[in-house]
Amino acid sequence: GILTIYRLDVSFGLRQTVWLLVCFVIGYLVLRIRGILTFLRRYKYIWLTGGLLLTLLTFVVGVYPSGTGPELWLNLFGLYLQPSEILKVLLVIFLASYLADNLRIRFSLLQLLLPTLILVGAAFLILVAQHDLGTASLFIAIYAVTIYLASGKRRLLLISMLSIIAALIAGYVVYEVIQLRIEAWL
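Here it is in structure tokens:
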């Protein structure tokens with residue numbers, strides 16, 4: 055991804071490299087903080103709800119950094135932030151925390167997964183409404199892998215793979231941009 059950005063615009067590539075390094079440092083520091091996992095786990099619903107609200111905010115004040123295009127970013131004093139990127143991390147935090155808290159309780163699989171399906175479904179619908187279909191597909195994959203790792207049920211992977219294929223077909227029929235991308239790829 056970094057190489058592609060450099061190929062398109064060196065200044066964007068340098069800026070993206072700096073952000074990548076900042077994220078690595080923040081990630082390292084977060085892992086070194088004692089009790090951070092407990093803190094993240096305790097407030098899992100607040101984190102995910104905050105991420106959803108931040109993503110919804112792009113419908114009101116969303117911008118496209120370089121002119122005309124999908125308004126999926128927030129402009130924070132000249133720094134552009136794409137909330138769906140933060141939402142990916144918050145989704146993993148939420149799913150890991152929720153499943154760690156509830157997996158030992160003897161629920162049926164549907165009872166266990168219903169709250170996660172509602173929240174992940176809300177995130178998915180927001181992304182589809184934004185036409186951020188790549189991220190929406192990635193959410194299905196993140197959800198499938200996380201649930202599989204927690205439950206060990208292979209049929210969930212199959213169901214998720216079929217869901218992604220169905221979403222791709224529906225996206226091809228509904229969204230012209232997907233048709234153009236597939237035709238360009240072919």
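The sequence shown lines up with residues 55 to 240 when you count with our numbering.
Glycine included, every Cβ here is placed at the ideal spot set by N, Cα and C.
All values derive from a computational prediction rather than experimental measurement.
| query | result |
| --- | --- |
| Span of the alpha helix (DSSP H) holding leucine 135? | That residue, leucine 135, is in no alpha helix (DSSP H); its beta strand (DSSP E) goes 133-135. |
| Can you name the residues that DSSP bridges to tryptophan 127? | Val117 |
| Closest to alanine 195 by C-alpha separation, out of Ala183, Ile218 and Asp186, would be which residue? | Ile218 |
| Look at the alpha carbon of methionine 215 and the alpha carbon of proline 124, and state the distance between them as a whole number of angstroms. | 27 Å |
| According to DSSP, simplified to helix, strand and coil, what is arginine 208? | helix |
| Mind checking which residues open and close the alpha helix (DSSP H) that includes serine 65? | 64-86 |
| Roughly how many whole angstroms lie between the Cα atoms of isoleucine 100 and leucine 94? | 9 Å |
| Just to confirm, are threonine 200 and leucine 133 a CB contact at a threshold of 8 Å? | no |
| Whole angstroms are fine: how far does the CA of arginine 61 sit from the CA of alanine 238? | 19 Å |
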